[in-house]
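Q: Sending over a structure as structure tokens; questions will come in a sec.
Residue numbers (the working numbering): 3 to 144.
Written out as structure tokens, the structure reads:
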């Protein structure tokens, strides 16, 4: 039945098929089930119709990768979040850290802002942008 289809979809997401589209579908399925406004058949149909257009909840809690959203910048977004979290800040913060606020921290002593850390990471590692929306370029690497 349809409950089996939902279980199968969730297993696809959890079981090694972790493409970005599958993550987007899994999050959409979770949201459809949570709202409780729809039966299982409608939830599956809604998720399949929408595809990855709603994107995924990404670093900092905002949506990314979907239709009309910023692409998922795997290296840059994770570097920015890591920089901020290591400095006790919100993952999405973009502000510089002044030398007087750095407290001799290794990360903020090396890079004064999340953008500087991201620029360095992109220079060393490159960037991989991911999108989940229907009909858009899924992966771009630089």
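For every residue, glycine included, the Cβ atom is placed at its ideal position computed from N, Cα and C. If you're wondering where the values come from, they're calculated on a predicted model, not measured in any experiment.
At the level of alpha carbons, what is the spacing between residue 66 and residue 90?
A: Your numbering for residue 66 matches position 64 in the chain shown. Your numbering for residue 90 matches position 88 in the chain shown. In a straight line, the C-alpha of residue 66 is about 23 Å away from that of residue 90.
Q: Can you tell me where the beta strand (DSSP E) holding residue 131 begins and where it ends?
A: Walking along the chain shown from the start, residue 131 turns up at place 129. Per DSSP, residue 131 belongs to the beta strand (DSSP E) from 130-132.
Q: With H, G and I counted as helix, E and B as strand and the rest as coil, what does DSSP make of residue 94?
A: For the purposes of this step, residue 94 is identified with residue 92 of the chain shown, where counting begins at 1. Looking at residue 94 - three-state DSSP - the assignment turns out to be coil, as it is neither helix nor strand.
Q: With H, G and I counted as helix, E and B as strand and the rest as coil, what does DSSP make of residue 99?
A: Within the chain shown, residue 99 is the residue found at index 97, counting from 1. Here residue 99 sits in coil by DSSP.
Q: How should residue 41 be labelled, buried or exposed, when 16 other C-beta atoms within 10 angstroms of its C-beta is the threshold for buried?
A: Your numbering for residue 41 matches position 39 in the chain shown. Counting Cβ neighbours within 10 Å, residue 41 comes out exposed, since fewer than 16 surround it.
Q: Taking the continuous beta strand (DSSP E) assigned at residue 143, which residues delimit it?
A: Translated into positions along the chain shown, residue 143 becomes position 141. Unbroken beta strand (DSSP E) run through residue 143: 141-143.
Q: Have a look at 58, 59, 34 and flag the residue whose alpha-carbon is nearest the alpha-carbon of residue 2.
A: Given a span of 3 to 144 for the chain in the structure shown, any question on residue 2 remains unanswerable.
Q: Please identify the residue among 98, 99, 100, 83 whose C-alpha is closest to the C-alpha of residue 92.
A: Locating residue 92 in the chain shown gives position 90, where the first residue counts as 1. Considering only alpha carbons, the answer is 83.
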